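S.K.: With the working numbering, the residue at position 68 of the sequence shown is 76, and numbering never jumps. We put the beta carbon where it would ideally sit given N, CA and C, even for glycine. Computed from a predicted structure; not experimentally measured.
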Amino acid sequence: VVPSLIKKALLAKDKIEVWGDGTDVRDFVYCKDVARGMLLVMKNSPGPDFPVNLGSGTGCSIKNLVDIIIKNVNKDLEIVWNKNSITGDKRRVFDTQRAESLGFKPEISLENGIKDMIVTGAFHDWLTTDKMQRIARYYSISWIELVEYAIDELDYDSGNENIDTFFTNKFGERDDYYS
9 VVPSLIKKAL LAKDKIEVWG DGTDVRDFVY CKDVARGMLL VMKNSPGPDF
59 PVNLGSGTGC SIKNLVDIII KNVNKDLEIV WNKNSITGDK RRVFDTQRAE
109 SLGFKPEISL ENGIKDMIVT GAFHDWLTTD KMQRIARYYS ISWIELVEYA
159 IDELDYDSGN ENIDTFFTNK FGERDDYYS
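#1: Could you spell out where the beta strand (DSSP E) holding I87 opens and where it closes?
#2: So L62 and F112 are in contact, right, with Cβ under 8 Å, and what is the actual spacing, rounded?
#3: Mapping DSSP to helix, strand and coil, what is K40?
#4: Which value, in whole angstroms, describes the spacing of the CA atoms of T95 and G28?
#5: Which residue comes first and which comes last in the alpha helix (DSSP H) that contains I24?
#6: Within 10 angstroms of its Cβ, does L13 collect 16 or more other Cβ (buried), or is it exposed?
#7: Rounded to a whole number of angstroms, what is the C-alpha to C-alpha distance between A20 and N52?
#8: Use the C-beta contact count for F58: other C-beta atoms within 10 angstroms, 16 or more gives buried, fewer gives exposed.
#9: Does V60 come out as helix, strand or coil in the three-state DSSP assignment?
#10: Quick one: Cα of S64 to Cα of G45, how far?
#11: Taking just the CA atoms, how far does M50 sit from K71?
#12: Kindly indicate which residue of F36, K40, K123 has the alpha-carbon position closest to the one of N82.
#13: Candidates G55, S117, I87, S148: which alpha carbon is nearest R106's?
#14: Tell me, to the nearest whole angstrom, how far the beta carbon of I126 is from that of N80; I am working on the premise that it is less than 8 Å.
#15: So what does DSSP say about S166, is it helix, strand or coil?
#16: Within a Cβ cutoff of 8 Å, which residues of the same chain sit near D103, ignoring the five residues on either side of it in sequence?
#17: For the alpha helix (DSSP H) containing S53, list its first residue and its last residue.
And the structure:
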């Protein structure tokens, strides 16, 4: 759900279509928290007969999720709800008591996870362009190092800087990149 909505928002010009009416509630947890949780469960679990749900344990409506995504792609998009589509259960939130008993608690908020996904997902598209590859070559760094630099330096909190603005401000439109 989240990657699909992020991609739709990044590609949208003025509106985004979302299945349902926005009232369905889901439990979202960031992949880095899940990976950490899996290691924690393997280390601390009493055995294979102790299934554990890794999640946030809290629900978020699809409407709230879409609002967070739109805010963080820094676009003014109209949400078009496709109420004729199949949406599934109205509420799907994990019981995380067992995970918590083993010491698991998500560390990355939904909004920060979405910010990270937007940046890293969008960077993949931008960094595979000729311009970004030339910038990396010009500075004798790999495109992975360029991504890491941008993630560290991008001003998430201001809401005023997106990836295009970031690269233009930091690297400009230099003819040197193309020589």
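M.R.: Quick look at the numbers:
#1: Start and end: 86-90.
#2: Contact between L62 and F112 holds: CB atoms are separated by about 7 Å, below the 8 Å threshold.
#3: Here K40 sits in helix by DSSP.
#4: Approximately 6 Å between the Cα atoms of the pair.
#5: Run containing I24: none in the alpha helix (DSSP H); it sits in the beta strand (DSSP E), 23-27.
#6: Result: buried.
#7: In this model, A20 and N52 are separated by some 44 Å (Cα to Cα).
#8: Classification of F58: exposed, given that the 10 Å Cβ count is below 16.
#9: In the structure shown, the three-state DSSP call for V60 is coil.
#10: In a straight line, the C-alpha of S64 is about 11 Å away from that of G45.
#11: The alpha-carbon atoms of K71 and M50 are separated by roughly 35 Å.
#12: Minimum Cα distance to N82 is reached at K123.
#13: Answer by Cα proximity: G55.
#14: Yes, I126 and N80 are in contact; Cβ-Cβ is about 6 Å, under 8 Å.
#15: Per-residue confidence for S166 stands at a pLDDT of 48, beneath the threshold of 50, marking its modelled position as unreliable; the derived number appears in the next sentence. Reduced to three states, the DSSP call for S166 is coil.
#16: These residues qualify, in order along the chain: N61, G65.
#17: If you look at S53, you'll find it isn't in any alpha helix (DSSP H); DSSP assigns it neither H nor E.
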